[in-house]
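Below: one structure, written as structure tokens.
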Amino acid sequence: MAGTLLNNTTFSNTNANDQLNATLNKNGLLMRMAKTKGQQAAGSRGLMNSSIGSEASMRAMVDAASPIAQQNTQFAQSRNLNQQQADLTAKRDATQQQYNKDNMDLQFGYSTKLNEQQNTFSANQSALDRAQQIKMQDDQQDFASGQSALDRAQQIKMQDLQYK
Numbered sequence: 318m319a320g321t322l323l324n325n326t327t328f329s330n331t332n333a334n335d336q337l338n339a340t341l342n343k344n345g346l347l348m349r350m351a352k353t354k355g356q357q358a359a360g361s362r363g364l365m366n367s368s369i370g371s372e373a374s375m376r377a378m379v380d381a382a383s384p385i386a387q388q389n390t391q392f393a394q395s396r397n398l399n400q401q402q403a404d405l406t407a408k409r410d411a412t413q414q415q416y417n418k419d420n421m422d423l424q425f426g427y428s429t430k431l432n433e434q435q436n437t438f439s440a441n442q443s444a445l446d447r448a449q450q451i452k453m454q455d456d457q458q459d460f461a462s463g464q465s466a467l468d469r470a471q472q473i474k475m476q477d478l479q480y481k
């Protein structure tokens, strides 16, 4: 996570140099002990007030802070990587859910349209069947009526022939 130090420089907890600087700037017990250790090492060589002694003291502080800074950096990078993975997984899941919803909506739409078409076809087929049945009944009635008229006409002719 990015933040700022007191000197207004940008701080990245995934950067080992920034972690090292932050650890060294804290001036905590570990750094005071490392500084003392470096000064003692320089003093034992008679370099207490020299630039070499100051450098040894700084080197000891950096040596003590480096593993901590690297560990903090690795932790931050790991946390960021885990967060990115979680974000990607959440986005993938959301995309999959949206795809499934859209697919179900499409399937529902297709099913609804198919049902409407089947119902329309069935209704049209039923109407045609009814129309055909009515036509056949009308034709049968017309035929029966025509047949009855012919029968009556024939009977009348037969009766006329019998009387003549």
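Residue numbers (our numbering): 318 to 481.
Here a beta-carbon is modelled for each residue, glycine too, at the ideal position from N, C-alpha and C.
From a predicted model like this one, the values you see are computed outputs, not experimental measurements.
Methionine 475 classed as buried or exposed, judged by whether at least 16 other C-beta atoms fall within 10 angstroms:
To locate residue 475, count along the sequence shown from 1; it is residue 158. With fewer than 16 Cβ atoms within 10 Å of its Cβ, methionine 475 is classed as exposed.
Less than 8 Å between the beta carbons of arginine 376 and glycine 360, yes or no?
Taking the sequence shown and counting its residues from 1, the one referred to as residue 376 is at position 59. Taking the sequence shown and counting its residues from 1, the one referred to as residue 360 is at position 43. No; because the gap between Cβ atoms is not below 8 Å, this pair is not in contact.
Drop a sphere of 10 angstroms on the beta-carbon of aspartate 459, count the other beta-carbons inside from all chains shown, and report buried for 16 or more, exposed for fewer.
The residue labelled residue 459 in the question sits at position 142 within the sequence shown. By the neighbour-count rule (16 or more Cβ atoms within 10 Å), aspartate 459 is not buried but exposed.
Rounding to the nearest angstrom, what Cα-Cα distance links leucine 322 and tyrosine 416 in this structure?
Your numbering for residue 322 matches position 5 in the sequence shown. Your numbering for residue 416 matches position 99 in the sequence shown. Model confidence at leucine 322 stands at a pLDDT of 41, short of 50, so the residue's coordinates are unreliable and nothing is read from them.
Status (buried if at least 16 other CB within 10 Å, exposed otherwise) for lysine 430
By one-based count along the sequence shown, residue 430 stands at place 113. Looking at its Cβ environment, which holds fewer than 16 other Cβ atoms inside 10 Å, lysine 430 is exposed.
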